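S.K.: Each step along the sequence shown adds one to the number in this note's numbering, with nothing skipped, and position 66 is 58.
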Amino acid sequence: DPAPVLTIDGPSGSGKGTISRLVTGRLGWHYLDSGALYRAVGVAAGWKDIDLGDPAALVRCAFDTRVDFREAEDGLRVMVNGSDATHELRMETAGAAASAIAAIGEVREVLKERQRAFRRPPGLVADGRDMGTVIFPDAAYKVFLTASADERAQRRYKQLKDKGVSVTFAGLLREILARDARDANRAVAPLRPAADAVTIDTTGMAIDDVVDRVLAVMAPAQ
Ligand code: C5P
């Protein structure tokens, strides 16, 4: 039997990253940050001066980009082609590049098997946009997290401010809305809840309460 999977999909700033990591810790399962793979390709393309309007070069870049996740004292570190790119990956420029690249079907194909390889016992928490719809359609547990655009921009703003990145709230809100529109309207693997996903609106909810709600989704089978 394949290892069990919990998919957590949703738009940027919905709390997916934070909630996924906490739930992963509670379950003692493996964790896949699929957005980091798309961001890594975006960052690697930038390093190589690849034009975001050149799909063939981006597909080659996706194929060539090595991504390794390392557990460190201050959290998960992401190595891209052997260099620590953790900080660069969190910038909104990396998110925007990722979103442009993620609209290319062939790039998604290249990353598909790499994502499925994260499924190992005792289980996997998979965080992204199409985890429940495309990558792990047979997952036993599926959650879709949302929150109002304003609250999502607030969270990202705080997150980036805490990391010392200089951003404006208005600029961030505009970027987030543009990225969501592109993710939701693309032809391949658009952002949407799987038919069998449980949607949780996290607007105004405390983190611990969201974690409890996600674990409750899994409860009937345990
Ligand atoms: O989740 P994160 O903000 O890191 O994702 C960055 C971008 O990568 C998203 O805006 C989306 O375009 C793309 N992505 C995707 N499918 C996933 C994860 C991320 O298309 N499973």
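Glycine included, each C-beta is placed from N, C-alpha and C at the ideal position. The structure displayed is predicted, hence computed values, not measured ones.
Straight-line CA distance for D130 to M123?
M.R.: Roughly 10 Å separates the two Cα atoms.
S.K.: In this structure, what does DSSP give as the bridge partners for K134?
M.R.: Its beta-bridge partners are T(-1).
S.K.: Starting from the Cα of V59, find the closest Cα among A118, D142, A36, G97 and give me that residue.
M.R.: Measuring from the Cα of V59, the nearest candidate turns out to be A36.
S.K.: Just how far apart, CA to CA, sit D188 and K134?
M.R.: The alpha-carbon atoms of D188 and K134 are separated by roughly 7 Å.
S.K.: On the CB-based measure, 16 or more other CB atoms within 10 Å of its CB, does G156 come out buried or exposed?
M.R.: It counts as exposed.
S.K.: I192 lies in the alpha helix (DSSP H); which residues open and close that run?
M.R.: Where I192 is concerned, there is no enclosing alpha helix (DSSP H), although the beta strand (DSSP E) it sits in stretches over 190 to 193.
S.K.: Taking the Cβ atom as the reference point for each residue, do G27 and A89 lie within a distance shorter than 8 Å?
M.R.: Against a cut-off of 8 Å, the Cβ pair of A89 and G27 comes out as no contact.
S.K.: In angstroms with no decimal places, state the Cα-to-Cα distance between Q107 and G163.
M.R.: Each residue's Cα considered, the two are about 32 Å apart.
S.K.: Tell me whether G120 sits in a helix, a strand or coil according to DSSP, three-state version.
M.R.: If DSSP states are grouped into helix, strand and coil, G120 belongs with the strands.
S.K.: In angstroms with no decimal places, state the Cα-to-Cα distance between T(-1) and P113.
M.R.: When rounded, the distance between both Cα atoms is 15 Å.
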